[in-house]
Amino acid sequence: MKILVALKQVPDTESKIKIADSACTIDQGDLKWITSPNDEYALEEAIRMKEAQGAEVIAVSIGGDKAKDVLRNALALGADGAVLLKAEATDDPLSTARALANFAKGKDFNIIFTGHKCYGNDNGSVGQMTAELLGLPHVHVVTKLNITENKFIAEREGDAGVEIIEGNLPAVITAQRGLNEPRYANLKGIMAAKKKPIEEIDCVLEDATIKVASLALPPARSEGKRIDGDPATQVAELVSLLSSEAKIF
19 MKILVALKQV
29 PDTESKIKIA
39 DSACTIDQGD
49 LKWITSPNDE
59 YALEEAIRMK
69 EAQGAEVIAV
79 SIGGDKAKDV
89 LRNALALGAD
99 GAVLLKAEAT
109 DDPLSTARAL
119 ANFAKGKDFN
129 IIFTGHKCYG
139 NDNGSVGQMT
149 AELLGLPHVH
159 VVTKLNITEN
169 KFIAEREGDA
179 GVEIIEGNLP
189 AVITAQRGLN
199 EPRYANLKGI
209 MAAKKKPIEE
219 IDCVLEDATI
229 KVASLALPPA
239 RSEGKRIDGD
249 PATQVAELVS
259 LLSSEAKIF
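Going by the working numbering, the first residue of the sequence shown is number 19, and it counts up by one from there.
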């Protein structure tokens, strides 16, 4: 079995975000970069399948040299190979999906894993677009997965409850929180990953279908109000504020 896992490098979720002077992107000067957390669930599931069934796991990422960090981490965790599609990182989901589909085409991957959405842009559509471009079945926001021979049984949380979806491989699966608990790389894995090669392929992304016109930070929250007094006084004051200031009735 061959498994492809698509990973994206994103700013650390604890980073303080600043808008660049262009007002069309974020200032990347002081940012720490990590693997998008939802992609970690995808990678962990692939590695567990490797351990259980002897699958070959290939990690792929789109970006510049700094994106090699997420690939090194994937190798440290247990991926067998890593590929960097060298291009300027993009937040355009269709351009990303086309690049992934072009890379995966003809390589006989049984499963393509992605996170169900990337931290940062939250498009949540790369996996589905990749599946459509490759003509493959897919299941989105998977929380449980079982592979038997050439079939999959996946569970996802739908509006009406848990949905169980069955289908044939090859397929595209997008992972979310609840599918598993991602592991941390150990020292042995980290040291071994430093010696493993990362294949680099020049990648020309097609013109973006989505372009950012401008970015702005959300307005600062106003200070809260403290209402003093006994319960009856507090209730009367709260009702008055909800009517006069919040204007909810």
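Backbone N, C-alpha and C fix where the C-beta goes; we use that ideal spot for every residue, glycine too.
Contacting residues, own chain, Cβ-Cβ under 7 angstroms from residue i (five flanking each side not counted)
i	result
LEU95	LEU61, ILE65, ARG201, ALA203, GLY207
LYS26	SER54, ASP57, SER79, CYS136
LYS86	LEU102, ILE216
GLY142	HIS134, LYS135
C-alpha distance - residue i paired with residue j, whole-angstrom precision
i	j	result
ILE191	HIS158	6 angstroms
GLU255	SER261	10 angstroms
PRO55	ASN198	12 angstroms
VAL23	GLY81	15 angstroms
GLU150	ALA100	24 angstroms
ALA115	GLY145	7 angstroms
ARG90	LYS162	27 angstroms
MET67	ASP98	13 angstroms
ALA105	PRO111	14 angstroms
ILE21	PHE127	6 angstroms
GLU74	ILE129	11 angstroms
ASP109	LYS229	9 angstroms
Bridge partner(s) assigned by DSSP for residue i
i	result
TYR131	The sequence shown places Phe at residue 131, rather than the Tyr named in the question. The partner list for PHE131 (beta bridge, DSSP) reads VAL23, ILE191.
HIS156	VAL190
PHE170	ILE165, GLY185
Own chain partners of residue i with C-beta closer than 8 angstroms, once the 5 adjacent residues on each side are dropped
i	result
SER335	The displayed coordinates of the chain run from 19 to 267. Any statement about residue 335 would go beyond what the structure contains.
GLU69	GLY96
ASP30	LEU49, LYS50, TRP51, ILE52
Given residue i as reference, the closest of the options once Cα atoms are compared
i	options	result
LYS169	PRO188, THR108, ILE182	PRO188
ALA210	ALA92, ASP39, ALA85	ALA92
ASN164	PHE267, GLN71, THR108	GLN71
GLU32	ARG195, ASP248, LEU49	LEU49
GLY153	HIS134, PRO111, GLY242, ALA119	ALA119
TRP51	ASP45, TYR59, ALA73, LYS84	LYS84
LEU235	GLU181, GLU241, LYS34, SER258	LYS34
Own chain, CB closer than 6 angstroms to residue i, minus 5 neighbours either side, in chain order
i	result
ILE183	VAL157, ALA172
Residue environment, residue i, which counts as buried when at least 16 other CB atoms sit within 10 Å
i	result
CYS42	exposed
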